[in-house]
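Accompanying notes for the structure given below.
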Amino acid sequence: MDSKTLALSLLHAESEKDVISLLKKAGYWDDPSAWRLLGDKDGNYSTIGNQQARPEAALVEKIVNSVDARLLNECLVDGLDPESSHAPRTIPQAIGMFFDGKDCASSSESSIADWGPKKQLEQARYITIAVTGNKPREGMPCITIADAGEGQTPARFPDTFLSIDKANKLRIPFVQGKFNMGGTGALKFCGQHSLQLIISRRNPTIISKWDGDSTKWKSDDPRRDEWGFTIVRRERPTGAAGEVRNSIFKYLAPLSSGNGNGQVLSFDADSLAIFPDENRAFVREASHGTAIKLFEYDVKGFGSHAFMRNGLLTRLEALLPQIALPVRFHECRAYRGETGRSFATSLVGLSVRLAENRGENLEEGYPTTASFVVKGEKMTAQIYAFKSNKADSYRTNEGIIFAINGQTHGAIPKTFFERSKVKMGRLSKSLIVIIDCSQMSVGSREDLFMNSRDRLSNGELRKEIEEELEDIIGKHPGLRELREKRKREEIADRLQDSKPFEQVLDSILKSSPTLSRLFRFGQRLSQPNRADPSDRRGGGEGRSSGEGAFHARPHPSYFRFHNRPYGTELTRNAEISRRCRIRFETDAQNDYFERDHVPGNYDVDIIDGPLEGASLDHHITLHDGIAHWSIKLPEERLEAGDKIRIQCTVSDETIPEPFVNVAVINVNPKDDSGGGPKKYPRLTNSSGGKTGQGGTGEQGSAGATNAPGSTLEGGLEVPTPIPVKKNDKNWIEHGFDDYTACKVIEDEASFSFYVNVDNLYLLTEMKEGKEDSALQRAKFVWGNVLIGLALIHDRRKNTRSDGDESVFSIIDTTTRALGPFLVPMIDHLGALSDEDVSVAAARGDDE
30 MDSKTLALSL LHAESEKDVI SLLKKAGYWD DPSAWRLLGD KDGNYSTIGN QQARPEAALV
90 EKIVNSVDAR LLNECLVDGL DPESSHAPRT IPQAIGMFFD GKDCASSSES SIADWGPKKQ
150 LEQARYITIA VTGNKPREGM PCITIADAGE GQTPARFPDT FLSIDKANKL RIPFVQGKFN
210 MGGTGALKFC GQHSLQLIIS RRNPTIISKW DGDSTKWKSD DPRRDEWGFT IVRRERPTGA
270 AGEVRNSIFK YLAPLSSGNG NGQVLSFDAD SLAIFPDENR AFVREASHGT AIKLFEYDVK
330 GFGSHAFMRN GLLTRLEALL PQIALPVRFH ECRAYRGETG RSFATSLVGL SVRLAENRGE
390 NLEEGYPTTA SFVVKGEKMT AQIYAFKSNK ADSYRTNEGI IFAINGQTHG AIPKTFFERS
450 KVKMGRLSKS LIVIIDCSQM SVGSREDLFM NSRDRLSNGE LRKEIEEELE DIIGKHPGLR
510 ELREKRKREE IADRLQDSKP FEQVLDSILK SSPTLSRLFR FGQRLSQPNR ADPSDRRGGG
570 EGRSSGEGAF HARPHPSYFR FHNRPYGTEL TRNAEISRRC RIRFETDAQN DYFERDHVPG
630 NYDVDIIDGP LEGASLDHHI TLHDGIAHWS IKLPEERLEA GDKIRIQCTV SDETIPEPFV
690 NVAVINVNPK DDSGGGPKKY PRLTNSSGGK TGQGGTGEQG SAGATNAPGS TLEGGLEVPT
750 PIPVKKNDKN WIEHGFDDYT ACKVIEDEAS FSFYVNVDNL YLLTEMKEGK EDSALQRAKF
810 VWGNVLIGLA LIHDRRKNTR SDGDESVFSI IDTTTRALGP FLVPMIDHLG ALSDEDVSVA
870 AARGDDE
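Here it is as structure tokens:
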């Protein structure tokens, strides 16, 4: 079999078995001399096996390499040395220069978000993904990534595709790949033998353009016009004496060379069908570029039709939220559907996808943005607030996504929004936040991300970024409005049914002084808080009443301290190690500081005081005319009595003079009084008695319950349980199933308890038990509420870091586990008499 026939046969093979059969037939599979160590390293598994933890993250590296190849192709075709000062300095600059015809300047940046559908489709055809082979019940599929990039000559394979730790792209600023190993991470997810096919040809225009040049971009390979190809395999240890103890990766290199190392096979062809067309793989010709086929790739959990919800496309778009170039995605397996509609679509990244479907998926006013600085590193948070039950179509468990140049490098799960400092649990299934870290210095990137580029490290920088994000999300005026709006809507639906529940709890507390001490009582709401239609405030906690609707401008005509004339110096007191919050008023649009086109800039300078010239951690959020500026004062560098003068300057290219505002901050000692028992305001309890304040008051006497006025540390609000029925709004919104018992959401000053009254075990007890079904239901509801309250109380008394499992997750799993036992336990323990206890004790003594 000649080389071209072998290459095409391997390209069309759909299983490891077929590949091995072809290689045996050609005489290569069992010939040790035909195989060369990947990276020319004996212990290459230590690098390859220590890459991405998830198959979809490893696949992303292949896609990113194809994007890099296309950018390098355009640069070299233009005759620019990618490492020279004339080349673009960033990926957006490269997009602007090579695809939009802009010059090399900071204003030349572009992104695919600026392109229309026609241009996106046109460019997507030059990078493709084809899913072929097995459907889920048959086995794992094959995935082929093809591009019309620069390509490589056969002689360059060992130094590019098949190298490890070489600095091929380290000095090229406008590409993503740097470490020369991320692309190998996919190998361990390829079947039993980790088979991967590589076919590539160097762009003839590049060969001609750089012929005779003295740089490394020239091609001296005598086979430089041919297509090279190879197969990578994994050889597992056999345990025999003298053999290596770990797997090793090798590639097919049967041709002899002068340096003693084998070379890859090649063949001559003007073009090769490496691209798919609709649902037909390998039919569209390419004159140059690369095709990489991953055999029997592990797609457990997302192996169904690639375009279905939670399919491979969704996963990849979440991991490439702002991909530099579009990719055409083809589902080529034997599914039914209209060929053009069901089997090909463009992968454009999460941000562009949401922009296209904003009205269907996002709440009004979103996405919104916030800029922040931590340890001198500037980042931008893009906040997406989805309509109910829409977010999970675009992500799995991610809550906060950290991206560099459009590629996810790590994520924090959505339980982040349930943290005690955030209190956005009600919105946790509706929020996605994308953090753009592209401006971060190399040193800080190394501190924040693992080299595998799929997870965060657990260092000090991550901790401080999370603290900043807790403040941004937890205090964001728009999100707080949305949270309260959803809570009001829910209260309106359930308030009329809450009185009987309060009476049940009142009865429980009568019989237990210990339980009553865990609660603080407030007057029952007579009606839910409703938005006032006549309230025309501009937004957030912002504009004074009576100003009318807020009208934003693309460029502000004013930017000043809230309710103060421009030019007035603001004086503010702040505690050491606490945040100082300052509000501005402006007519700038919400995305003024973060938008792509003529964005605003704000600079913060310490112009006087002990921190003069230093950088502070801070962030600013704009919401409907109010800018919220939050500054963290470092404890280790300030003393009580210090005074610092801070200048905030706002400008953009169209403003003749920048807006300059100066604030003087007087530093006060840290107030540690909050460390003791939490004090609550004096309130009237449901029985008419007065509660004490801070755990020292006298117990009430006017009411029927005589509930103690004191509260223990971490005293709790009296909750009103929310019954959840199968497939109702809350069932869907909060992810209930037949076995869920109780879920809890924390709001600003209260908890909402959702109890599954269609729990399978409860329904069984109600159907087969002898007692009244309403009574059984009440036992289940209040049993779960008390379990939840006990766990919340324990977490408050025994403070743990928010990095631990959230108390709300613990409530979910604990009540789920107790579901079968709860009602029977209450029945049987409640029926115990003194005589039963005495008999049991006597039996114990006898034993």
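Counting in the numbering used here, the sequence shown runs from 30 upward without gaps. Note that the Cβ used here is the ideal one computed from N, Cα and C, for glycine as well. From a predicted model like this one, the values you see are computed outputs, not experimental measurements.
| Query | Result |
| --- | --- |
| Neighbourhood of Thr-437 by C-beta distance below 6 Å, restricted to the same chain and skipping five residues each side | Leu-348, Ile-430 |
| Paired residues, beta bridge with Asn-690 - DSSP | Cys-677 |
| Own chain, CB closer than 8 Å to Thr-76, minus 5 neighbours either side, in chain order | Gly-68, Lys-70, Ile-193, Asp-194, Met-210, Thr-213 |
| Same chain only: Cβ atoms within 7 Å of Leu-323, ignoring 5 sequence neighbours per side | Cys-171, Ile-172, Ala-215, Cys-219, Gln-225 |
| Where Glu-43 falls: helix, strand or coil (DSSP) | coil |
| First and last residue of the uninterrupted alpha helix (DSSP H) at Ile-839 | 836-847 |
| Alpha carbon of Thr-887 to alpha carbon of Lys-46, nearest angstrom | What the structure shows of the chain is the stretch from 30 to 876, and residue 887 is not part of that stretch, so it cannot be assessed. |
| For Trp-658: DSSP bridge partner residues | Ile-611, Ile-649 |
| Neighbourhood of Asp-561 by C-beta distance below 8 Å, restricted to the same chain and skipping five residues each side | With a pLDDT of only 42 at Asp-561, under 50, the local geometry of the prediction cannot be trusted, and no value is derived from it. |
| Extent of the continuous beta strand (DSSP E) to which Leu-460 belongs | 460-465 |
| Of the residues Glu-775, Glu-389, Asp-632, the one placed nearest Asp-681, counting alpha carbons only | Asp-632 |
| Nearest residue (CA-CA) to Ile-684, options Arg-666, Leu-651, Gly-629 | Gly-629 |
| Per-residue burial, Gly-817 [other beta carbons within 10 Å of its own, 16 or more giving buried] | buried |
| Residue closest to Glu-762, alpha-carbon to alpha-carbon, out of Asn-690, Ser-457, Gly-130, Ile-228 | Ser-457 |
| Beta bridge counterpart(s) of Trp-811 as assigned by DSSP | According to DSSP, Trp-811 bridges with nothing at all. |
| Three-pair Cβ contact test at 8 Å for the region 151-160 versus the region 32-39 | no |
| Exposed unless 16 or more other CB atoms sit within 10 angstroms - verdict on Ala-87 | buried |
| Residue span of the alpha helix (DSSP H) that contains Asp-97, given as start and end | 84-106 |
| contact_flag[the region 505-516, the region 443-460] where n(CB pairs < 8 Å) is 3 or more | yes |
| Of the residues Ser-223, Ile-227, Pro-251, His-222, the one placed nearest Ile-236, counting alpha carbons only | Pro-251 |
| Secondary structure of Met-408, DSSP reduced to three states | strand |
| Residue of Ala-778, Glu-777, Phe-780, Cys-771 minimising C-alpha distance to Leu-789 | Cys-771 |
| C-alpha distance - Pro-350 paired with Leu-383, whole-angstrom precision | 10 Å |
| Alpha helix (DSSP H) runs contained entirely in the region 443-525, provided each spans 4 or more residues | 471-477, 489-504, 506-523 |
| Segments of 4+ residues assigned as alpha helix (DSSP H) that fall wholly inside the region 352-395 | 368-371, 379-385, 387-390 |
| Burial state of Gly-642 (16 or more Cβ within 10 Å) | exposed |
| C-alpha gap between Asn-602 and Ile-660, whole angstroms | 12 Å |
| Under 7 Å between C-beta atoms of Ala-159 and Ala-373 | no |
| Burial state of Leu-858 (16 or more Cβ within 10 Å) | exposed |
| Environment of Ser-114 [buried if 16+ CB atoms lie within 10 Å] | exposed |
| Sheet register partners of Leu-66 (DSSP bridge) | Lys-279 |
| Simplified DSSP state of Val-328, which is helix, strand or coil | coil |
| Rounded C-alpha distance that separates Leu-656 from Ile-649 | As written in the sequence, residue 656 is Ala, which differs from the Leu given in the question. Between Ala-656 and Ile-649, the C-alpha separation is close to 7 Å. |
| Counted within 10 angstroms of its Cβ, other Cβ atoms place Arg-200 as buried (16 or more) or exposed | exposed |
| The region 135-147 contacting the region 293-300, beta-carbon criterion three pairs below 8 Å | no |
| Delimiting residues of the beta strand (DSSP E) encompassing Ala-344 | Checking the sequence, you will find Arg at residue 344 rather than Ala. Element bounds for Arg-344: not the beta strand (DSSP E) but the alpha helix (DSSP H), 341-348. |
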